[in-house]
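S.K.: I'd like to ask some things about the structure below.
Numbering (the numbering used here), first residue to last: 14 to 178.
Structure below.
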């Protein structure tokens, strides 16, 4: 990934649909080296990208902004180029990481239903469900911090092994 493509990451491109942009960005995150990830976190993602990502998860943009602990002053701007960067960029990438993890789990499934399974919509619902392993808290309550995102990611991985059912 070159620096020029990283600058566009998470930003609207005229030649792509919102879903295509999300897919490209998710692939970039999946393939990024640790140093490239640092740069992606610093660059952040545009609010228009987050709105599209929320739609992909089947949740409202306002709720995603709440989950990510975005300051109210950022979402209030209608500027599609406004960015959630720095620590907010880190949290946004953590949510992308959860989607990647869920896609890996679904991809390794041998179930016939897995072929038509909408992983993003499932993840959007799952983060809203109270989890016994989180003391009854919803994953959405925790992913706004780096530690919380790691805890939720580990729980998602534990689901694959059947440790939490």
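Just so it is clear, CB atoms sit at the ideal spot from N, CA and C, and this is done for glycine as well.
A quick note: this is a predicted structure, and the numbers were derived from the prediction, not measured.
Please go through the same chain and pick out, in chain order, the residues whose beta-carbon is closer than 8 Å to the beta-carbon of residue 37, but skip the five residues on each side of it.
M.R.: 29
S.K.: Between which two residues does the alpha helix (DSSP H) containing residue 130 stretch?
M.R.: Note, residue 130: premise wrong, no alpha helix (DSSP H); not H, not E.
S.K.: Starting from residue 64, trace the alpha helix (DSSP H) in both directions and tell me its first and last residue.
M.R.: 60-70
S.K.: Report the three-state DSSP secondary structure of residue 55 (helix, strand or coil).
M.R.: helix
S.K.: Report yes if the CB atom of residue 239 is closer than 7 Å to the CB atom of residue 102, and no otherwise.
M.R.: No answer is possible for residue 239: it lies beyond the span of the chain, which begins at 14 and ends at 178.
S.K.: What residue from 112, 106, 31, 42 has the CA that sits closest to residue 131's CA?
M.R.: 112
S.K.: Given a cut-off of 7 Å, decide if residue 155 and residue 165 are closer than it, judged by their beta-carbon atoms.
M.R.: yes
S.K.: Could you spell out where the alpha helix (DSSP H) holding residue 147 opens and where it closes?
M.R.: Run containing residue 147: none; DSSP gives neither H nor E here.
S.K.: For the alpha helix (DSSP H) holding residue 100, just list the boundary residues, first then last.
M.R.: 100-120
S.K.: Go ahead and label residue 160 buried or exposed: buried means 16 or more other beta carbons lie within 10 angstroms of its beta carbon, across all protein chains shown.
M.R.: exposed
S.K.: Could you give the residue range of the alpha helix (DSSP H) that holds residue 81?
M.R.: Segment: none, residue 81 is in no alpha helix (DSSP H) and carries neither H nor E.
S.K.: Can the beta-carbon of residue 143 be found closer than 7 Å to that of residue 137?
M.R.: no
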